[in-house]
Amino acid sequence: VGLYAIYMIALEVLDSTSGGMARLESANERLLIYTQLWQNIWNGPLWGYGWNQVGSAQMLGAANHLMPSISLNGHNILLDLMIWNGPILGGFISLAIFCWLVRITLSARDMESIFALLAAAFVLTHSIVEFPYEYAYLLFPLGLLLGAVAGGNRASVEFSLSRSFLAFLLIILFFIFLSIHSIGFAQL
Numbered sequence: 009v010g011l012y013a014i015y016m017i018a019l020e021v022l023d024s025t026s027g028g029m030a031r032l033e034s035a036n037e038r039l040l041i042y043t044q045l046w047q048n049i050w051n052g053p054l055w056g057y058g059w060n061q062v063g064s065a066q067m068l069g070a071a072n073h074l075m076p077s078i079s080l081n082g083h084n085i086l087l088d089l090m091i092w093n094g095p096i097l098g099g100f101i102s103l104a105i106f107c108w109l110v111r112i113t114l115s116a117r118d119m120e121s122i123f124a125l126l127a128a129a130f131v132l133t134h135s136i137v138e139f140p141y142e143y144a145y146l147l148f149p150l151g152l153l154l155g156a157v158a159g160g161n162r163a164s165v166e167f168s169l170s171r172s173f174l175a176f177l178l179i180i181l182f183f184i185f186l187s188i189h190s191i192g193f194a195q196l
């Protein structure tokens, strides 16, 4: 422990000329990216820019916010979902994931489920400020952990959908199909 502390102090002393300022500039740049992406969500297309199109959204919003560099992701899973899918569908997806996580958290009864939730919470929390959701070596364990918790409670697996909700989903899928086949929403 003492050797680690000495190493960390030496690292800070050696890196004090540029390291601290670089971290502050990086944090400021991240806040600029968040601000620009939030404005792009509310001022952009209702159904989003498309999956993995954060760079396109940044280019379209560059007239209002000049950025030192282009980011290919928003470094925030909630922002990315809303950039990709728009504020309506992205908000719905985010809310559905949140409700499912609350439901399986409340259903966790044994120590294994609680441990799996704690381990998953590290990746989920980190997805709010960085992009571990981009890496399969983090997503596979996350899926296994959350699947183990959800599978431990049979009630969380069973659900029913009303006919009106299924009709709503079919309409949404129809519009997605139209947008994929190059019929833009601006032409409708």
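Under our numbering, the first residue of the sequence shown carries the number 9, and numbering increases by one thereafter.
Quick reminder that beta carbons are idealized off the backbone N, C-alpha and C, glycines included.
Local Cβ density within 10 Å of residue i, reported as buried at 16 or more and exposed below that
| i | result |
| --- | --- |
| W50 | exposed |
| S135 | buried |
| I184 | exposed |
Pick from the options that is closest to residue i, judged by C-alpha positions
| i | options | result |
| --- | --- | --- |
| I91 | T133, N84 and G56 | G56 |
| N121 | G159, I96, I136 and A104 | Inspection of the sequence shows that residue 121 is occupied by Ser rather than by Asn. Residue G159 is the option with its Cα nearest to S121. |
| G98 | V157, L146, G52 and A156 | G52 |
| I180 | G94, M119 and I136 | G94 |
| E37 | V137, A144, F185 and A128 | V137 |
Close Cβ partners of residue i (< 7 Å) along its chain, the five nearest in sequence each way excluded
| i | result |
| --- | --- |
| W59 | W92 |
| A116 | I122, L125 and V157 |
| L177 | none |
| S168 | none |
| M119 | none |
CB contact check: residue i to chain D, cutoff 8 Å
| i | result |
| --- | --- |
| F182 | Here there is only one protein chain, and chain D is not present. |
Cβ-Cβ distance between residue i and residue j below 8 Å
| i | j | result |
| --- | --- | --- |
| L45 | A71 | no |
| N81 | Y42 | no |
| S102 | L114 | no |
| A175 | L154 | no |
| L39 | I96 | no |
Nonlocal neighbours in the same chain, by C-beta distance under 6 Å from residue i, ignoring five residues either side
| i | result |
| --- | --- |
| T133 | none |
| L150 | A128 and V131 |
| V110 | none |
| L87 | L45 |
| I78 | G63 and Q66 |
| W108 | none |
Same chain, Cβ closer than 8 Å to residue i, five either side skipped, listed in chain order
| i | result |
| --- | --- |
| Q61 | I91 and W92 |
| F173 | none |
| R171 | none |
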